[in-house]
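Chains as they are written, first to last, in the numbering used here: chain W, 1 to 263; chain D, 1001 to 1216.
To start, the structure under review is shown below, and the notes come after it.
Laid out in structure tokens, this is it:
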């Protein structure tokens, strides 16, 4: 083999090897990309599972809370009304017709109030229907219950136009977040006023809840109670692709804002 | 005595695999693959043992079969939006250059290099397009056992590397690595072994896939 032939031989081998390496490299790239896609899809499926589990958990919690409300209401409200009705009817003296008339009227009034309360409870028993009828309406319903206690003055505003298509899963989670926030306020904040604002702009739904309570320093929460409720709020907001910000300082109340992409 | 007939072995192994594993398939795909592989082994065997030299005219005659099959089968595997038009365009382009070569040179001992190169480039482009469709595919497929991927990858490797062989075909035939064996034989063997290796794997994976689907 002459020198010229040897050079040509080397050139050919190098050229073909380069072509082969480029082609193999391309195929390898496709395989690597594909295996990453597999990982991504697995992660996505896992996230979906977590999301579904959280939705079920939230539904159960909402149901449980509803049942507690019903139990308390049956005992404290309707039970009392019916006891009072019974007492009133028992105390009727048929000899004294005018007084008996008054007592019968009072008993009728108490019975009507009992029926009204029963109807309200009937609505609550519908459970998930609370959110299905619309987030704003569900919030209004929740506020009704709080105001009944007479300890908090609640101001609720929702001036923005909600999207025509809603997302029941996100509504439920957001509603549950609101319940968590309100529970925290009732239990710990010693607040007298609560402001709730629902706002929808540029495909982002914002829920802002502020109170005039004692507030807290989030850095100095006692160990063991490091805001389980607050962590829950942030975790749940994260599950639906949103986030929650908590602003609080001692004696200056607390403001919690939740943003979620919507619908 | 010829030292490197390995590519011929690879072709026969692939043909036999197709006969064995595509047996249950009576689809156009299975029949066409078998017929094509039969034509390949027949051609290569004749060129190897009957027309040992000056056999380019035979390869020139086979070229339309090779690239028509190639373009047809790749377009069958690759998802193309305007499949019919693209196929017609590719075939039209190839046959124009092929006929032009035939008119200009006549089918004597000279290989239709330009037509061969163009056919290779068309198939390489279709293969690359196939890979891009994989990038956009939302669902996951295990590529290492996917018949389509193995089939296309075999084609892609073969035509990408054989471009060099086609370009230097004349010189490679004269360049001997031993007294009797030209360099082109060695390179042909390596490239064909890779190519038919992929195809055999593809056929077996297709068979396994069909068997597992039947078992379901």
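We put the beta carbon where it would ideally sit given N, CA and C, even for glycine.
In this text, all values refer to a predicted model and were calculated from it rather than measured experimentally.
By the neighbour-count criterion, in which a residue is buried when 16 or more other Cβ atoms sit within 10 angstroms of its Cβ, residue 1178 of chain D is exposed. Not a single C-beta of chain D is nearer than 9 Å to the C-beta of residue 68 of chain W. Taking 9 Å as the threshold, the shortest C-beta distance from residue 1180 of chain D to chain W does not fall below it. One Cα belongs to residue 1154 of chain D, the other to residue 39 of chain W, and the distance between them is close to 26 Å.
Under the criterion of beta carbons closer than 8 Å, residue 1094 of chain D and residue 1067 of chain D qualify as touching, at roughly 5 Å.
Boundaries cannot be given for residue 150 of chain W, as no alpha helix (DSSP H) includes it and DSSP labels it neither H nor E. Near chain D, meaning a CB-to-CB distance below 9 Å, the residues of the segment 1-16 of chain W are 1, 5, 8, 9, 11, 12, 13, 15 and 16. For the pair residue 1123 of chain D and residue 1077 of chain D, the CB atoms are not nearer than the 9 Å cut-off. At a cut-off of 9 Å between beta-carbon atoms, residue 41 of chain W makes contact with chain D. Annotation note: the segment 1087-1164 of chain D contains the following uninterrupted alpha helix (DSSP H) runs of length 4 or greater, listed N- to C-terminal: 1113-1136. Using beta-carbon distances, residue 26 of chain W counts as an interface residue toward chain D, with a partner under 9 Å.
With respect to residue 1180 of chain D, residue 12 of chain W sits apart: the two C-beta atoms are not nearer than 9 Å. Against chain W, the beta carbon of residue 1161 of chain D has neighbours under 7 Å at 16, 19, 20 and 23, listed in chain order. Note on geometry: alpha-carbon atoms of residue 262 of chain W and residue 163 of chain W lie some 8 Å from one another.
Contact of residue 1051 of chain D with chain W is not assigned, every C-beta pair being separated by 9 Å or more. Residue environment analysis places residue 1053 of chain D among the exposed positions, since fewer than 16 neighbouring C-beta atoms fall within 10 angstroms of its C-beta.
Secondary structure of residue 106 of chain W (DSSP, three-state): helix. In summary, the residues of the segment 1121-1132 of chain D whose CB is separated from some CB of chain W by less than 7 Å are 1131, in the order they occur in the chain.
By the Cβ rule, the segment 1132-1144 of chain D does not count as touching the segment 1083-1093 of chain D, because fewer than three pairs are nearer than 8 Å.
The beta carbons of residue 259 of chain W and residue 169 of chain W sit no closer together than 9 Å.
Taking C-alpha positions only, residue 137 of chain W is separated from residue 241 of chain W by approximately 23 Å. Judged by beta-carbon spacing, residue 185 of chain W lies beyond the 9 Å limit of residue 150 of chain W, meaning their Cβ atoms are not closer than that value.
Assignment of residue 260 of chain W by DSSP, reduced to helix, strand and coil, places it in the strand class. For residue 1202 of chain D, no CB of chain W lies under 9 Å from its own CB, so it is not counted at the interface with that chain. Inclusion of residue 58 of chain W and residue 143 of chain W in the CB contact set at 9 Å is not warranted, their separation being larger than that value. Annotation: residue 1097 of chain D to residue 1203 of chain D spans about 32 Å, alpha carbon to alpha carbon. Inclusion of residue 215 of chain W and residue 189 of chain W in the CB contact set at 9 Å is warranted, their separation being smaller than that value. Remark: C-beta atoms of residue 196 of chain W and residue 155 of chain W approach each other more closely than 9 Å. For residue 248 of chain W, the uninterrupted beta strand (DSSP E) run begins and ends at 243-248, by DSSP. For the pair residue 1185 of chain D and residue 1169 of chain D, the Cα-to-Cα distance works out to about 11 Å. Between residue 1195 of chain D and residue 1149 of chain D, the C-beta spacing is not below 9 Å. Going by beta carbons, residue 8 of chain W and residue 1175 of chain D fall inside the 9 Å limit. Looking at the DSSP output, residue 201 of chain W shares a beta bridge with W/204. Non-local C-beta neighbours of residue 208 of chain W in its own chain, meaning closer than 7 Å and more than five positions away in sequence, comprise 197, 255 and 257, ordered along the chain. Beta bridge pairing from DSSP links residue 209 of chain W with W/196 and W/256.
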